[in-house]
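What follows is a single structure, written as structure tokens, with notes after it.
Chains as they are written, first to last, in this note's numbering: chain Y, 16 to 129; chain D, 33 to 145.
Structure below.
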């Protein structure tokens, strides 16, 4: 158990809909990362928050947004969903940024868009 | 644009033999390399890392080798065990200091009892 929790585990929805994925980092970790793993793809970095502030952006679509709340949990919002958004979405957390800090991953949310 | 590439999507090895997983990278400025292991229905877990100032790092049955001139790293597992069956990802940290990781596409290792 990494100490990172993600809800829900599975999500099935229709094209055009909007969903919210939730992540609670390990106790004490200030940094949260979101990654997407599509079929046969490696994990693609989407976005990072550190202590409530956006820290880095990767290959995140404009239809996607995220935020980190004062209690450090994070939510990833996916809107106007398309079939191609079906993927595993992982959240990871680490203590800080700067020098490399090991990232701890949650179990992921499997999103299926029908 | 893939920062790290794993060209073998799968590998099967007999129990007790050596498993060698390979990874190539594009940027000679990368200074830290990691391997993560992922079981089905779980998130990736950190396995082993290596700094660019080293060419080898060993942790029990796992050894990572770094060949900077070839921009290549490999993970050796000796002896391989059925519990090692998983997907293995190599990864490098973003050079901007943001600490996010660039992952390869993974190699699925199957250790046959």
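Beta carbons: idealized from backbone N, C-alpha and C, even for Gly. Only a predicted model underlies this, so the values are computations on that prediction, with no experimental measurement involved.
Cβ-Cβ separation, residue j to residue i (assumed contact under 8 angstroms), whole Å
{"i": "residue 93 of chain D", "j": "residue 82 of chain D", "result": "Residue 93 of chain D to residue 82 of chain D, Cβ: 16 angstroms. No contact."}
{"i": "residue 137 of chain D", "j": "residue 57 of chain Y", "result": "4 angstroms"}
From the options, residue whose alpha carbon lies closest to that of residue i
{"i": "residue 71 of chain Y", "options": "Y:77, Y:60, Y:79 and Y:78", "result": "Y:60"}
{"i": "residue 97 of chain D", "options": "D:40, D:37, D:55 and D:35", "result": "D:55"}
{"i": "residue 142 of chain D", "options": "D:37, D:36, D:57 and D:72", "result": "D:72"}
{"i": "residue 87 of chain D", "options": "D:105, D:52 and D:34", "result": "D:105"}
Cα-Cα separation between residue i and residue j, rounded to whole angstroms
{"i": "residue 80 of chain Y", "j": "residue 93 of chain Y", "result": "7 angstroms"}
{"i": "residue 99 of chain Y", "j": "residue 76 of chain Y", "result": "12 angstroms"}
{"i": "residue 123 of chain Y", "j": "residue 77 of chain D", "result": "12 angstroms"}
{"i": "residue 18 of chain Y", "j": "residue 90 of chain D", "result": "26 angstroms"}
{"i": "residue 97 of chain Y", "j": "residue 91 of chain Y", "result": "16 angstroms"}
{"i": "residue 63 of chain Y", "j": "residue 132 of chain D", "result": "7 angstroms"}
{"i": "residue 89 of chain Y", "j": "residue 46 of chain D", "result": "42 angstroms"}
{"i": "residue 135 of chain D", "j": "residue 68 of chain D", "result": "9 angstroms"}
{"i": "residue 121 of chain D", "j": "residue 42 of chain Y", "result": "26 angstroms"}
{"i": "residue 54 of chain Y", "j": "residue 39 of chain D", "result": "16 angstroms"}
{"i": "residue 82 of chain Y", "j": "residue 45 of chain Y", "result": "13 angstroms"}
{"i": "residue 65 of chain Y", "j": "residue 121 of chain Y", "result": "17 angstroms"}
{"i": "residue 27 of chain Y", "j": "residue 102 of chain Y", "result": "11 angstroms"}
{"i": "residue 66 of chain D", "j": "residue 16 of chain Y", "result": "20 angstroms"}
{"i": "residue 85 of chain Y", "j": "residue 20 of chain Y", "result": "17 angstroms"}
{"i": "residue 118 of chain Y", "j": "residue 32 of chain Y", "result": "31 angstroms"}
{"i": "residue 37 of chain D", "j": "residue 103 of chain D", "result": "11 angstroms"}
{"i": "residue 111 of chain D", "j": "residue 123 of chain D", "result": "23 angstroms"}
{"i": "residue 95 of chain Y", "j": "residue 73 of chain Y", "result": "19 angstroms"}
{"i": "residue 145 of chain D", "j": "residue 69 of chain Y", "result": "47 angstroms"}
Residue i - partner residues in DSSP beta bridges
{"i": "residue 47 of chain D", "result": "Note: residue 47 of chain D sits in no beta bridge, so no partner."}
{"i": "residue 91 of chain D", "result": "D:94"}
{"i": "residue 121 of chain D", "result": "D:68"}
query: Three or more beta-carbon pairs under 8 angstroms between the region 42-53 of chain Y and the region 96-107 of chain Y, yes or no?
result: yes
message: Across the region 115-127 of chain D and the region 22-38 of chain Y, are there enough close Cβ pairs to call them in contact, namely three or more that are closer than 8 angstroms?
response: no
message: Check whether the region 47-66 of chain D and the region 123-139 of chain D touch, using three or more Cβ-Cβ pairs below 8 angstroms as the test.
response: yes
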